[in-house]
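Number of protein chains: 2
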Amino acid sequence: MKRNELLAAGVLMAVAIGLSGCATMAKTGSAAFQTAVEATWRTYCSSLKAGDADTWIALWDENGIQLPPGAPMVVGRKNIEKAIRGALQAVSFVDFTIDLAETETAGNLGFARGTYAATMKPQAGGPEAAINGKYLTVFKKQSDGSWKIYRDCFNSNTP
Amino acid sequence: MKRNELLAAGVLMAVAIGLSGCATMAKTGSAAFQTAVEATWRTYCSSLKAGDADTWIALWDENGIQLPPGAPMVVGRKNIEKAIRGALQAVSFVDFTIDLAETETAGNLGFARGTYAATMKPQAGGPEAAINGKYLTVFKKQSDGSWKIYRDCFNSNTP
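Chains as they are written, first to last, in the working numbering: chain A, 1 to 159; chain B, 1001 to 1159.
In structure tokens:
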């Protein structure tokens, strides 16, 4: 091989490594993302049942946006925190479960889809209320490699 | 430069090109994705107003899933088509507008978020009804490079 051929071969190989590097990162990312979402939903449920707003809000990206049914969007982690603290003063969550139907990811974005069910008890007393619905949630990879809730839209399964 | 140094420099440069290639593709993808979403929402609105289910359903990925409020998920384009044909037999859309607040994309996934407003008229006669809400929609890049609606969750802004 001449010097130029050797250089050309090296360049081609390096480009190939660079490109396969992209694909490999995405593949590894899928399994890590699925695990991160499962852990997030476990903490989401346990913290709500414990009335622990600090732990719950830490699951969110600083620029997170919540799209709750029957109300306008809640923009930014600070406003989402205000909303959850208000909610936890009004009700306690007797039960909260999230079913994860699927996750899919690419680069620093990923989404999760599934259903949820909760039973709430008014803090002021009165009968419990049960809700159930479905969700579509976009997660964003943070600079430390962790995943946080970035966009969260959900609604009821019944009218 | 010796042959090995030259080779090493070429490899490093090629890796750099490969990596910046990933970043460049993502950047180009963002602008293309935003344009694709804008076009999709224009067709989404115009086809619903025209009662054109064929054009509307073509905006969806074959494995698309719709998460409408007050009802269970609708899984797969065939079932989503059945649902829209039923809806268009029940009502006509006097107006339908979608506001696009943001798009973000990575690889073959992207999401759009915003609000919508519609005015519906019962086909059987009777007063018009106005609705307005917000949405979180995940799009998937197709093998031909186009973007289709993949997951779509929406809900009302008012109780």
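C-beta: ideal position from N, C-alpha, C; glycine also.
Item                                                                                                                                                                                                                          : Value
Using a 10 Å radius around the Cβ and a threshold of 16 neighbouring Cβ atoms, would you call Lys1134 of chain B buried or exposed?                                                                                           : buried
Please decide whether Ser156 of chain A counts as near chain B, where near means a Cβ-Cβ distance under 7 Å.                                                                                                                  : yes
Could you pull out every residue in the same chain whose Cβ sits closer than 6 Å to the Cβ of Val138 of chain A, ignoring the five residues on either side in sequence?                                                       : Phe111, Tyr150 and Arg151
Helix, strand or coil for Ser1146 of chain B per DSSP?                                                                                                                                                                        : coil
Counting pairs of Cβ atoms below 8 Å between the segment 1078 to 1086 of chain B and the segment 1046 to 1063 of chain B, do you hit three or more?                                                                           : yes
Taking the CB atoms as reference points, tell me whether Leu59 of chain A and Leu1136 of chain B lie closer together than 7 Å.                                                                                                : no
Does the Cβ-Cβ distance between Thr1115 of chain B and Asp1099 of chain B come in under 7 Å?                                                                                                                                  : yes
Quick one: grab the DSSP three-state call for Gln66 of chain A.                                                                                                                                                               : strand
Return no unless some Cβ of chain A is closer than 7 Å to the Cβ of Arg1113 of chain B.                                                                                                                                       : yes
Does the ligand SAH have even one heavy atom less than 6 Å from the beta-carbon of Gly1125 of chain B?                                                                                                                        : Ligands in the displayed structure: none, and consequently the ligand SAH is not present.
Using the beta-carbon of each residue, which ones in chain A are nearer than 9 Å to Ile1080 of chain B?                                                                                                                       : None at all; the shortest Cβ gap to chain A is about 15 Å.
As a quick exercise: from A:Phe93, A:Ala71, A:Ser46 and A:Cys45, pick the residue whose alpha carbon is nearest that of Asn1157 of chain B.                                                                                   : A:Ala71
The alpha helix (DSSP H) with Leu1088 of chain B in it runs from where to where?                                                                                                                                              : Arg1077 to Ala1090
Does any residue of chain A have a CB that is nearer than 7 Å to the CB of Asn1132 of chain B?                                                                                                                                : no
Which class does Leu109 of chain A belong to by DSSP, given the choice of helix, strand or coil?                                                                                                                              : strand
Whether or not the segment 35 to 43 of chain A and the segment 141 to 148 of chain A are in contact is what I'm after, with contact meaning three or more pairs of Cβ atoms, one per stretch, closer than 8 Å; do they touch? : yes
Indicate the three-state DSSP secondary structure (helix, strand or coil) for Gly1021 of chain B in the structure shown.                                                                                                      : At Gly1021 of chain B, the pLDDT of 41 sits below 50, so the modelled position is not reliable and the matter cannot be decided from this model.
How would you list, in chain order, the residues of chain A whose beta-carbon sits under 8 Å from the beta-carbon of Pro1159 of chain B?                                                                                      : Gly70 and Ala71
Kindly indicate which residue of A:Ala118, A:Ala124, A:Ala106 and A:Ala129 has the alpha-carbon position closest to the one of Ala32 of chain A.                                                                              : A:Ala106
Does DSSP put Ala58 of chain A in a helix, in a strand, or in coil?                                                                                                                                                           : coil
Could you tell me whether the Cβ of Ala1045 of chain B comes closer than 7 Å to any Cβ of chain A?                                                                                                                            : According to the sequence displayed, residue 1045 of chain B carries Cys and not Ala. With 7 Å as the cut-off, Cys1045 of chain B does not count as an interface residue toward chain A.
Who are the neighbours of Ile65 of chain A on chain B, taking C-beta pairs under 8 Å?                                                                                                                                         : Arg1113
So which residues on chain A does Ala1087 of chain B lean against when the C-beta distance must stay under 9 Å?                                                                                                               : The premise fails here: Ala1087 of chain B is roughly 15 Å from chain A at the closest Cβ pair, so nothing lies under 9 Å.
Would you please state the rounded distance, in angstroms, between the beta carbons of Phe93 of chain A and Ala118 of chain A? I believe it to be under 8 Å.                                                                  : 6 Å
Is the Cβ of Gly1107 of chain B closer than 7 Å to any Cβ of chain A?                                                                                                                                                         : yes
Since Glu104 of chain A sits in a beta bridge, which residues does DSSP pair it with?                                                                                                                                         : A:Phe111
Since Gly1133 of chain B is in the beta strand (DSSP E), which residue starts that stretch and which ends it?                                                                                                                 : Ala1129 to Lys1141
Report back the beta-carbon spacing between Arg113 of chain A and Glu102 of chain A to the nearest angstrom; my notes put them in contact at under 8 Å.                                                                       : 5 Å
Could you tell me which chain B residues have their CB closer than 9 Å to the CB of Glu62 of chain A, listed as they occur along the chain?                                                                                   : In chain order: nothing, as chain B lies at least about 15 Å away.
Would you mind telling me which residues of chain B sit closer than 8 Å to Arg42 of chain A, beta carbon to beta carbon, in chain order?                                                                                      : In chain order: nothing, as chain B lies at least about 22 Å away.
Counting only C-beta atoms, is Arg1151 of chain B closer than 7 Å to chain A at any point?                                                                                                                                    : yes
Just the C-alpha distance for Asn63 of chain A and Arg1085 of chain B, rounded to the nearest angstrom, thanks.                                                                                                               : 38 Å
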